[in-house]
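Enquirer: Residue numbers (the numbering used here), protein chains in the order written: chain A, 1 to 466; chain B, 1 to 98.
Input: one structure, supplied below.
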């Protein structure tokens, strides 16, 4: 019976994930996978048998399940849309920690039940250690990623760190191999060294990577946790853990590669080359202290109302200000004046792929007004006014022209091709990549300072009065 | 060689799931990358089953296993429940679109 349940569970994971890859069936796909998971969990609790023994400690198990469910639901429901990627990272870390803990417990069991260390089941030890290392790395890495997206942790880089990371990794794997092959007397000690090194590696792995690259890192860590779950599957010869784990491991890896392709950067570049050779952050890239022009609301309103074509470039600032609805109102007001309005969506605008699409969809902006980057880039030369709403790095020309820039090589929206560029930001502070944007100092560009929501509301009022 | 044939079932499962995973992700619109990542995140919460087994098998006086197991189940549940709920919220946005 449990075999059947696990089979159904595995099928729901496959079917659910498949449905998740299509907008029309995505929501149902999520529910399908959830149902399969629920069934598998219940089945395990009541039907699992090992050498004729059912599972015990029901009060503990149910208490933990209830606590986790309540806390998890509250956390997931209360978080703002803009904080979604951090939540994915946080929950991913929880999964990794769970896998690592399982390994810790099983390791202890193994030691207590093996009187003569030379007869220890090495395969089991190998699986336990793999699950431990991968789970721990995923846990600490995900926590750092969560902190970065939160703003609590800054990018931190130091010279030679990639060598140090490599050393930590090699040392960790060497110790693990030693433990498996030679089962020394002080097994316990080595085990906990591996735990510590794994956690350390996870931290150092993610720490230097820029905040804008976090979704890629999270996707990679996601697949790691999948593999850690699969290790659990090997350990207990549990088919549903194995299928779920490998499925996510493989799918997650490919998804990571796809995300990199969308940014036109290689995974290696994201993980190692995030600084493009040297330091990142405010100081350093390009001449600072250029002069910028500000535009008044009424001038902006006029130039936009009398334009034939306006392109809006939404960015993180729009999401933070929750100004998507006002933006839609502005779009409608302009269109009633005969202006053609479209939106240029950069693949990594915002904090995650699809962020802007989701934001604008929430405001009922028509899907066909959203242009992908390649299409938008072709239309900028025919555009009279580009209105940039809280986007920064995705329109930074340094990506094309400055090889020392951290964002060099990333394809951008080529807004300078248009006749006028109006940039709405709260201040002149740098965006996520922490660098200056030469676009703001160019002759065609003028700045419209203010919170996106207020600025748009005021602009809308002006436009309506024309 | 014996080891491989003894575990051949497992090899089949692993290779097939890798193939399935890659096939499924093949043609995903970039707009769905994040919800998909979130959904996959929830699915790997299946690791909770291992935690349940570990806790369920712990002896009554094995405090370490009970406490760590308890923690592991909570963490696994957070992954599963949090994961599916967050994914659902992300996908809510898609219901009005075509």
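The C-beta atom is built at its ideal place from N, Cα and C for all residues, glycine as well.
Please compile the residues from chain B whose C-beta is within a distance smaller than 8 Å of the C-beta of residue 73/A.
Expert: Simply 81, 82 and 85.
Enquirer: Out of 389/A, 409/A and 74/A, point me to the one whose CA is closest to residue 312/A's CA.
Expert: With distances taken between Cα atoms, residue 312/A lies closest to 389/A.
Enquirer: Applying a beta-carbon distance threshold of less than 7 Å, which residues of chain A neighbour residue 57/B?
Expert: Near residue 57/B (Cβ distances below 7 Å), the residues of chain A are 50 and 55.
Enquirer: Considering only their Cβ atoms, is the gap separating residue 79/B from residue 53/B smaller than 8 Å?
Expert: In this structure, residue 79/B does not lie closer than 8 Å to residue 53/B by Cβ.
Enquirer: Report yes or no: do the segment 442-462 of chain A and the segment 291-305 of chain A share at least 3 C-beta pairs separated by less than 8 Å?
Expert: Touching, per the Cβ criterion.
Enquirer: Are the C-beta of residue 146/A and some C-beta of chain B separated by less than 8 Å?
Expert: With 8 Å as the cut-off, residue 146/A does not count as an interface residue toward chain B.
Enquirer: Taking its Cβ as the centre, do 16 or more other Cβ atoms sit within 10 Å of residue 158/A, making it buried, or is it exposed?
Expert: That one is exposed.
Enquirer: What residue does the beta strand (DSSP E) around residue 314/A start on, and which one ends it?
Expert: Unbroken beta strand (DSSP E) run through residue 314/A: 309-314.
Enquirer: Can you pull the chain A neighbours of residue 24/B, defined as C-beta to C-beta under 7 Å?
Expert: Within 7 Å Cβ-Cβ: 17, 18, 21 and 251.
Enquirer: From what residue to what residue does the beta strand (DSSP E) around residue 445/A run?
Expert: Looking at the DSSP string, the run of the beta strand (DSSP E) that includes residue 445/A is 445-449.
Enquirer: Could you give the distance in angstroms between the alpha-carbon of residue 184/A and the alpha-carbon of residue 129/A?
Expert: If you take the alpha carbons of residue 184/A and residue 129/A, they lie about 15 Å apart.
Enquirer: Pop quiz: residue 18/A and residue 24/B are said to be a contact at Cβ under 8 Å. What is the actual Cβ separation, rounded to whole angstroms?
Expert: About 5 Å; that satisfies the 8 Å criterion.
Enquirer: At what residue ranges does the segment 129-163 of chain A contain a whole run of the alpha helix (DSSP H), taking only runs of 4 or more?
Expert: Taking only runs of at least 4 residues, no alpha helix (DSSP H) segment lies wholly in the segment 129-163 of chain A.
Enquirer: Give the DSSP-derived three-state secondary structure of residue 420/A in the structure shown.
Expert: Residue 420/A falls in the strand class under three-state DSSP.
Enquirer: Does the beta carbon of residue 86/A come closer than 8 Å to any beta carbon on chain B?
Expert: Not closer than 8 Å to any Cβ of chain B, the Cβ of residue 86/A fails to qualify, so no.
Enquirer: Can you tell me where the beta strand (DSSP E) holding residue 301/A begins and where it ends?
Expert: Where residue 301/A is concerned, there is no enclosing beta strand (DSSP E), although the alpha helix (DSSP H) it sits in stretches over 297-305.
Enquirer: Would residue 271/A and residue 310/A qualify as a contact pair, given that the criterion is a beta-carbon distance under 8 Å?
Expert: No, the pair does not count as a contact, with Cβ atoms beyond the cut-off.
Enquirer: Taking the straight line between their C-alpha atoms, what separation do you get for residue 277/A and residue 69/B?
Expert: Unreliable placement is indicated for residue 277/A, whose pLDDT of 32 sits below 50; the coordinate value is still reported in the next sentence. Distance between the alpha carbons of residue 277/A and residue 69/B is about 45 Å.
Enquirer: Please report the straight-line C-alpha distance between residue 137/A and residue 236/A, rounded to a whole angstrom.
Expert: If you take the alpha carbons of residue 137/A and residue 236/A, they lie about 22 Å apart.
Enquirer: Which ranges does the alpha helix (DSSP H) cover as unbroken runs of at least 4 residues, wholly within the segment 40-85 of chain B, from first to last along the chain?
Expert: If we require 4 residues or more, the alpha helix (DSSP H) runs fully inside the segment 40-85 of chain B come out as 48-57 and 63-77.
Enquirer: Considering only the beta carbon of each residue, do residue 175/A and residue 122/A sit closer than 8 Å?
Expert: Their beta carbons are not under 8 Å apart, which means residue 175/A does not touch residue 122/A by this criterion.
Enquirer: Taking just the CA atoms, how far does residue 316/A sit from residue 337/A?
Expert: C-alpha separation (whole angstroms): 28 Å.
Enquirer: Of all the CB atoms in chain B, is at least one closer than 8 Å to the CB of residue 13/A?
Expert: Yes, contact with chain B.
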